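The UniProt record's numbering applies: residue 1 is where the sequence shown begins, and numbers increase by one.
Built from N, CA and C at the ideal position, the CB exists for glycine as well.
Predicted model, so just to flag it, every value in this text is computed and none were measured.
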Amino acid sequence: MSDYILEARGVTKRFGGLVAVNRVNFTIERRTIAGLIGPNGAGKTTFFNCLTGLYKADEGEIIFDGKYSLIGVPPDRITALGISRTFQNIRLFGSMTALENVMVGTHCRTKSNMIDAIFHTPRYRREEAWARKRALELLEYVGMADAADEVATSLPYGYQRRLEIARALATEPKLLLLDEPTAGMNPNETEEMTDLIRRLCDDLGLSILLIEHDMRVVMGISDKVSVLDHGELIAEGTPEEVQKNPKVIEAYLGTVGTEQAAEARRRGRDD
Ligand SMILES: Nc1ncnc2c1ncn2[C@@H]1O[C@H](COP(=O)(O)OP(=O)(O)O)[C@@H](O)[C@H]1O
Ligand SMILES: [Mg+2]
Numbered sequence: 001m002s003d004y005i006l007e008a009r010g011v012t013k014r015f016g017g018l019v020a021v022n023r024v025n026f027t028i029e030r031r032t033i034a035g036l037i038g039p040n041g042a043g044k045t046t047f048f049n050c051l052t053g054l055y056k057a058d059e060g061e062i063i064f065d066g067k068y069s070l071i072g073v074p075p076d077r078i079t080a081l082g083i084s085r086t087f088q089n090i091r092l093f094g095s096m097t098a099l100e101n102v103m104v105g106t107h108c109r110t111k112s113n114m115i116d117a118i119f120h121t122p123r124y125r126r127e128e129a130w131a132r133k134r135a136l137e138l139l140e141y142v143g144m145a146d147a148a149d150e151v152a153t154s155l156p157y158g159y160q161r162r163l164e165i166a167r168a169l170a171t172e173p174k175l176l177l178l179d180e181p182t183a184g185m186n187p188n189e190t191e192e193m194t195d196l197i198r199r200l201c202d203d204l205g206l207s208i209l210l211i212e213h214d215m216r217v218v219m220g221i222s223d224k225v226s227v228l229d230h231g232e233l234i235a236e237g238t239p240e241e242v243q244k245n246p247k248v249i250e251a252y253l254g255t256v257g258t259e260q261a262a263e264a265r266r267r268g269r270d271d
């Protein structure tokens, strides 16, 4: 068995003249958290979209689970193979309840067809009962069993983010891709989400690819951090290595440094 749940080689994606992802080599070891960072517009989401089949990479190869090539494979088939994701902008079925949202995910693993559903065949009833039970378990796992019957859009923001994760888990992934899961969260929600991501890896044995703008989160839980800048992978290593890398400081943390320097100057004037 390959040590890697995912191996991407030379992945390139262009939009007209813009090279959004440029010959990226990237691997994720099984049962680890791989962090992916980079300034806005670096190509992180585009790279995700290449992995999940939303975009077809123009060049390169992507191998999942040591044996499946993902290039040109449609998204639903990629989900069935064992890759699931959440979105940078939450995409829930707004008018459905939390439970129903998760049940949509479980249907990826059931066999009933439309005829079964129309006639409520024994198989359909059996599978629906299973899907409901499974969905409830997952809501409990992400800490929102109390909200099972609430309409998705009425839920607090932190719950909506966790609901997306429950729905992603319902498809029984081996690899979970999280696109900025703590975006817009308050410190409390961020901490809860960080704990949850850690548990997904440690307890459930999932491999995780995490795009994250909150440096404390990504540096705190990633086994490996990769840095994209203008579509190119400019650095990779442990959180400590990446934080010290001058290229990263210049391309990414450099902007933070500038803000901090400006803030220090402002404070200096106030004193
Ligand atoms: N569907 C698209 N069509 C054209 N350009 C796109 C599209 N998606 C992303 N881009 C461009 O590709 C670059 C990378 O974007 P993106 O992957 O969203 O970056 P990130 O997620 O790192 O902020 C940006 O310059 C963006 O404007
Ligand atoms: Mg993005």
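> Using the C-alpha atoms, what's the distance from Arg162 back to Gly41?
Replying inline: Taking the sequence shown and counting its residues from 1, the one referred to as residue 41 is at position 41. Taking the sequence shown and counting its residues from 1, the one referred to as residue 162 is at position 162. Their backbone Cα atoms lie some 25 Å apart in a straight line.
> Quick one: what's got a C-beta closer than 8 Å to Asp271's C-beta in the same chain, skipping five residues either side?
Replying inline: Taking the first residue of the sequence shown as position 1, residue 271 is located at position 271. Legend: pLDDT at Asp271 = 40, less than 50; position of this residue unreliable, no value from coordinates given.
> For the alpha helix (DSSP H) that contains Glu29, what are its first and last residues?
Replying inline: Here residue 29 is taken as the residue at index 29 of the sequence shown, counted from 1. Per DSSP, Glu29 belongs to no alpha helix (DSSP H); it is in the beta strand (DSSP E), Leu18 to Glu29.
>> With a threshold of 6 Å (Cβ to nearest heavy atom), would Thr32 be considered close to ligand 1?
In response: As a working note, residue 32 is residue 32 in the sequence shown. No, ligand 1 has no heavy atom inside 6 Å of this Cβ.
> Using the rule of at least 16 other Cβ atoms within 10 Å of the residue's Cβ for burial, across every protein chain shown, is Thr45 buried or exposed?
Replying inline: As a first step, residue 45 must be located in the sequence shown, where it is residue number 45. Under a 10 Å Cβ-count criterion, Thr45 is classified as buried, with 16 or more other Cβ atoms of the shown protein chains found around its own Cβ.
> Can you list, in chain order, every residue whose CB sits closer than 6 Å to a heavy atom of ligand 2?
Replying inline: Chain-ordered list of matching residues: Lys44, Thr45 and Gln88.
>> Could you check whether Lys224 and Pro34 sit closer than 7 Å to each other, using their CB atoms as the reference points?
In response: Within the sequence shown, residue 34 is the residue found at index 34, counting from 1. Within the sequence shown, residue 224 is the residue found at index 224, counting from 1. Contrary to the premise, residue 34 reads as Ala rather than Pro in this sequence. Contact: yes.
> What residues in its chain sit with their C-beta under 7 Å from that of Glu191, if we drop five residues either side in the sequence?
Replying inline: Taking the first residue of the sequence shown as 1, we reach residue 191 at position 191. Excluding sequence neighbours, Glu191 sits near nothing in its chain.
> What is the DSSP secondary structure of Glu232, reduced to helix, strand or coil?
Replying inline: Residue 232 sits at position 232 when you count from the first residue of the sequence shown. Here DSSP, grouped into helix, strand and coil, assigns Glu232 to strand.
>> With distance defined between alpha-carbon atoms, name the residue in Arg198, Ser207 and Glu232 nearest to Ile221.
In response: Residue 221 sits at position 221 when you count from the first residue of the sequence shown. Selected option, being the one with the closest Cα: Arg198.
>> Could you check whether Pro75 and Leu54 sit closer than 7 Å to each other, using their CB atoms as the reference points?
In response: In the sequence shown, counting from the first residue as 1, residue 54 sits at position 54. In the sequence shown, counting from the first residue as 1, residue 75 sits at position 75. Yes. Within cutoff.
>> With a threshold of 6 Å (Cβ to nearest heavy atom), would Ala20 be considered close to ligand 1?
In response: What you label residue 20 is simply residue 20 of the sequence shown in a count that begins at 1. Yes - ligand 1 has a heavy atom lying nearer than 6 Å to the Cβ of Ala20.
> Apart from the five residues on each side of it in sequence, which residues of its chain come closer than 7 Å, Cβ to Cβ, to Tyr159?
Replying inline: Position 159 of the sequence shown, counting from 1, holds the residue named residue 159. Met144 and Ala147.
> What is the DSSP secondary structure of Glu240, counted as helix, strand or coil?
Replying inline: On the sequence shown, position 240 is the one that residue 240 refers to. Helix.
>> Let's see if you can read the secondary structure: which residues bound the beta strand (DSSP E) around Lys56?
In response: Here residue 56 refers to the residue found at position 56 of the sequence shown. No beta strand (DSSP E) contains Lys56, which DSSP labels as neither H nor E.
>> For a minimum of 3 consecutive residues, which ranges assigned as the beta strand (DSSP E) are wholly contained in the segment 131 to 196?
In response: Listed in chain order, they are 175 to 179.
> When every heavy atom of ligand 1 is checked, does at least one fall within less than 6 Å of the C-beta of Gly60?
Replying inline: Along the sequence shown, one-based indexing puts residue 60 at 60. Checking the Cβ of Gly60 against ligand 1 gives no.
> Leaving out five residues before and five after Arg123 in sequence, what residues of the same chain have Cβ atoms less than 8 Å from its Cβ?
Replying inline: On the sequence shown, position 123 is the one that residue 123 refers to. The answer, listed in chain order, is Lys111, Ser112 and Asp116.
>> Just to check my reading of the structure: Ser95 and Pro173 have Cβ atoms closer than 8 Å, yes? What is that Cβ distance to the nearest angstrom?
In response: For this step, residue 95 is matched to residue 95 along the sequence shown. For this step, residue 173 is matched to residue 173 along the sequence shown. Not confirmed; about 25 Å, so no contact.
> Below 8 Å, can you find three or more Cβ-Cβ pairs linking the segment 12 to 19 to the segment 55 to 66?
Replying inline: Enough Cβ pairs lie closer than 8 Å, so yes.
> Straight-line CA distance for Gly205 to Glu29?
Replying inline: Along the sequence shown, one-based indexing puts residue 205 at 205. Along the sequence shown, one-based indexing puts residue 29 at 29. Gly205 and Glu29 have their alpha carbons spaced roughly 12 Å apart.
> Just to confirm, does Asn40 get its C-beta within under 6 Å of one of the non-hydrogen atoms of ligand 1?
Replying inline: Here residue 40 refers to the residue found at position 40 when the sequence shown is read from its first residue. At least one heavy atom of ligand 1 lies less than 6 Å from the C-beta of Asn40.
>> Taking 7 Å as the limit between beta carbons, can you name the residues of its chain near Ser2, skipping five residues before and five after?
In response: Position 2 of the sequence shown, counted from the start, is the residue given in the question as residue 2. For Ser2, same chain residues with a beta-carbon under 7 Å away, outside a window of 5 residues either side, are Gly66 in chain order.
> Between Tyr157 and Asn89, what straight-line distance do the alpha-carbon atoms span, to the nearest angstrom?
Replying inline: Residue mapping note: residue 157 aligns to position 157 of the sequence shown, counting from 1. Residue mapping note: residue 89 aligns to position 89 of the sequence shown, counting from 1. Between Tyr157 and Asn89, the alpha-carbon positions lie close to 11 Å from each other.
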